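For reference, the structure is listed below as structure tokens.
Protein chains: 4
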Amino acid sequence: MNELTEIDGRARRASERRESRRAYILDTALKVFARSGYHQTRISDIIEAAGIARGTFYLYFESKSAIFLELLDELVVELRKHIVGVEQGPGAAPVEVQLTTTVTRILETVESKRTLTTILMREAVGLDEVVDKKLQEFYGNLHGYIVLALVEGQNMGIVRALDTDIVASCILGTVKHVMERYATLDPGAAVDVERVGGALLDFNLRGVLQT
Amino acid sequence: MNELTEIDGRARRASERRESRRAYILDTALKVFARSGYHQTRISDIIEAAGIARGTFYLYFESKSAIFLELLDELVVELRKHIVGVEQGPGAAPVEVQLTTTVTRILETVESKRTLTTILMREAVGLDEVVDKKLQEFYGNLHGYIVLALVEGQNMGIVRALDTDIVASCILGTVKHVMERYATLDPGAAVDVERVGGALLDFNLRGVLQT
Amino acid sequence: MNELTEIDGRARRASERRESRRAYILDTALKVFARSGYHQTRISDIIEAAGIARGTFYLYFESKSAIFLELLDELVVELRKHIVGVEQGPGAAPVEVQLTTTVTRILETVESKRTLTTILMREAVGLDEVVDKKLQEFYGNLHGYIVLALVEGQNMGIVRALDTDIVASCILGTVKHVMERYATLDPGAAVDVERVGGALLDFNLRGVLQT
Amino acid sequence: MNELTEIDGRARRASERRESRRAYILDTALKVFARSGYHQTRISDIIEAAGIARGTFYLYFESKSAIFLELLDELVVELRKHIVGVEQGPGAAPVEVQLTTTVTRILETVESKRTLTTILMREAVGLDEVVDKKLQEFYGNLHGYIVLALVEGQNMGIVRALDTDIVASCILGTVKHVMERYATLDPGAAVDVERVGGALLDFNLRGVLQT
DNA sequence: TATGAATGAGGGTTCATTCAT
DNA sequence: TATGAATGAACCCTCATTCAT
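First to last, the sequence lines map onto chains E, D, H and Z. Heads up: the first sequence begins at 73 in our numbering, then just goes up one per residue. Heads up: the second sequence begins at 73 in our numbering, then just goes up one per residue. Heads up: the third sequence begins at 73 in our numbering, then just goes up one per residue. Heads up: the fourth sequence begins at 73 in our numbering, then just goes up one per residue.
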């Protein structure tokens, strides 16, 4: 092992250490934000919970809003992952199946990241122009996906004649509110994703499918 | 006109003046909150917009959070007024009609109080325990009303077998999200309440009625 | 009764009314100051207790400190009245008798104006340069009187050789502290002026008289 | 020197630095309070005099009243130290000697901490319930000590028959007033502790001893 | 004279961020 | 990289006093 490799190794280990430290602070902040809300949370709360010094926080994150934004991004990315499945075109699965899958995945994500979702549901709006824009974009994308799926369904003769814009809002609304209700439950409470997801889907499909 | 009457007259005029002044400040605060959001709004912004002195504000309102809470209450009261129509019992109108009326009224309220609704939708959560509790209670009541209406509908054979709890969440979700979308539009933009309300209702009724 | 007399009568009645109103407010302020202390007392407390309007207060008194100063003056004048009896010269009563009379009178004043004295003892220092100067002057005068009396007593061969300055401070100190202790008792508690005054005098006379 | 020692060294130096900084602010505040009085002193005055930032003050002290209370405590502790010498029992020194020592020590403390005493004498009453209680307790303790000493003296046949309660008040009064007079002198003025203490003691002993 | 709404200077405290060590 | 003392802008609220009616 020559010197360069050694240096690379050192650098790599340092970088890994840095990443894990960063992740640890991020995770700690997540818990604190979820417990107290964005505005009630002070940097002091986070560094105290993480057991780090004041200055250390700023070595890893630019500001209070930056770390919050990052947590938000994380969830949005996570949720988006489970939604991109909605596709159109001849080879795609039928809307019904796509929706079923999507809804189940979303609820599973919510269930597994309840803390993050709580924040998204309770705090993410009205904080900051950047945050707001990001959320608008996220919901706008979702809305667009749903509209597309509905139009596609109509073309395929599965979905009835309806106002796609408003109905897309309705569907998004059902998902959001159900998410919100279950996200704000006690952390320990068990949620029957199957049952909730089933009822949610059933409701929405009845609203859109041909009779 | 004797002295007493005169005094009464003075007192009445004073009281009226006070009320109108209060209403004026409340209205000004509403606009400022709607424009900048609760946390971004400083008392200075409100008194500057209202053209009053610092102390004057505190002559009419106890604190920043108090005036905000009052605005919130105003909207909740307004919305509640249009919702108490949901009734059960032999003499009551059918669920379908009741829901139609309710939804139309809610959307009309939102349309006429768009600024207030914006605040409710964007800011009202996570500010304060008092505010939070008030909102929880409000939404809890709504949820309860909807569940009752569904059960009643089931008894009357109009509503299909469904998970009333989750479906109530779905319905509430559709209304909330549609409200939110239309409340956050440009203040000038016209909203076709008929069309939106019609589609919203149609969607929800299909979700709940017997096929 | 001619017109002028009538006008004089009116003016006199008006002036009397003004004086009695003033006295009433002064008395109310006294109680409030005694209850809450100078700094804790707000103009609002006084006008509320007196049942008058904000502006009315300023028709009778220039400011918060002005009304307080006036109350202080009242007590100082009252106390001074009972102290001017200390005289020197061939015809004057012996120091012993003069002191006895003075001390008894002071204690009686304190007893009858306990509220005022409480204020003097608890609040009068460090408020204001004017107040401070007034008090310094008052105590300075007292100190001077006592020194004179001691010197006179020495000339008459009644008072022993002593440091008149320091002993005068001692005497003043005994009176002040005893006043303070009895002034700050519950307003209802009875004080045996005879007994207290007797012991106080006895102590001081033993300190100064020839053995 | 190993790493741990080094860390300990750092921590110790940091702690020392913190303590000295704290002491410096405390001392600065003392001067400002003494110059302007509690109510006239603003936090701005203290931080300006200390040359520190606004927030720095709150890093070391909780509030304006907290720092004041601490100064007060300091003096009370100091004074108390010199008073606990009054003892009863067969082996104890005679009351006369104990009083002499005590009074001299108190006056020396006052002389060495004239600024603090000024505050105690001029400002400490009527500020705050906590402060008031503390002072009442302090003076109450002193009063108790003196009563005990008198009773003990009576048992030993040194002290004459007298009203111990009132005479204790007298003694306390002489000490307080003499303290006050010398504390409020110009800071530069020299005080002949011997002479003042001697006269004070002489006066009080004559008041209490058997003739 | 009486009223009480209006004023606005002023002060205490918080907390995100910086920086010397 | 890690620390935590220091910073100071920001902001809410109080209350003595004024003034139009």
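In this text, a Cβ means the ideal position worked out from N, Cα and C, and glycines have one as well. On a predicted model such as this, the values are computed, not experimentally measured, just so you know.
Other residues of its chain near residue i: CB distance less than 7 Å, five sequence neighbours each side excluded
| i | result |
| --- | --- |
| E/Leu-147 | Lys-185, Leu-188, Thr-189, Leu-192 |
| D/Thr-181 | Glu-150, Leu-151, His-154 |
| H/Thr-66 | Examination of residue 66 of chain H is not possible in this model, given that chain H is present from 73 through 283 alone. |
| D/Thr-100 | Ile-118, Ala-121, Ala-122 |
| Z/Met-73 | In this prediction, Z/Met-73 has a pLDDT of 45, which is less than 50 and means its spatial position is unreliable; what the coordinates show is noted afterwards. Cβ within range, chain order: n/a, list empty. |
| H/Ala-106 | Thr-187, Thr-190, Ile-191 |
| H/Thr-172 | Leu-273 |
| E/Lys-136 | Ile-115 |
| D/Thr-113 | Val-104, Phe-105 |
| D/Ser-87 | none |
Whole-angstrom C-beta distance between residue j and residue i, which should lie under 8 Å
| i | j | result |
| --- | --- | --- |
| Z/Val-280 | Z/Leu-222 | 7 Å |
| D/Leu-179 | D/Val-104 | The Cβ separation is near 26 Å, so there is no contact. |
| D/Val-247 | D/Gln-282 | 22 Å between Cβ atoms; not a contact. |
| H/Arg-82 | H/Tyr-132 | That pair is no contact at about 20 Å. |
| E/Gly-212 | D/Gly-245 | Between D/Gly-245 and E/Gly-212 the Cβ distance is about 18 Å, and since that is not below 8 Å, they are no contact. |
Residues near residue i in its chain [Cβ-Cβ closer than 8 Å; skip 5 each side]
| i | result |
| --- | --- |
| Z/Ile-124 | Ile-97 |
| Z/Val-268 | Leu-179, Val-250, Tyr-254 |
| H/Val-202 | Ser-137, Leu-141 |
| E/Glu-183 | Tyr-254, Val-263, Val-265 |
| H/Ala-233 | Gln-226 |
Alpha helix (DSSP H) segment containing residue i, residue limits
| i | result |
| --- | --- |
| E/Val-250 | 236-255 |
| E/Thr-128 | 126-132 |
| E/Ser-116 | 115-122 |
| H/Ile-139 | 136-153 |
| H/Val-263 | No alpha helix (DSSP H) holds H/Val-263; DSSP gives it neither H nor E. |
| H/Asp-204 | 201-227 |
Spatial neighbours of residue i in its chain, beta-carbon cut-off 6 Å, leaving aside the 5 residues before and after
| i | result |
| --- | --- |
| Z/Leu-277 | none |
| D/Ala-95 | none |
| D/Glu-75 | No answer about D/Glu-75 holds up, because its pLDDT of 49 lies below 50 and its placement is not dependable. |
| D/Thr-176 | Gly-269 |
| Z/Ile-139 | Ala-101, Phe-133 |
| Z/Phe-210 | Val-148 |
| D/Arg-85 | none |
| H/Glu-252 | Met-193 |
Any 3 or more C-beta pairs closer than 8 Å across the segment 237-250 of chain D and the segment 135-145 of chain D: no
Taking beta-carbon pairs under 9 Å, can you tell me which members of the segment 107-140 of chain E lie near chain D? Gly-109, Tyr-110, His-111, Gln-112
How do the segment 267-275 of chain Z and the segment 260-274 of chain H stand: do at least 3 beta-carbon pairs fall below 8 Å, yes or no? Segments in contact, no.
Select from the segment 220-246 of chain E all residues with a C-beta closer than 9 Å to any C-beta belonging to chain D, and list them in chain order. Arg-232, Leu-234, Asp-235, Asp-237, Ile-238, Val-239, Ser-241, Cys-242, Ile-243, Leu-244, Gly-245, Thr-246
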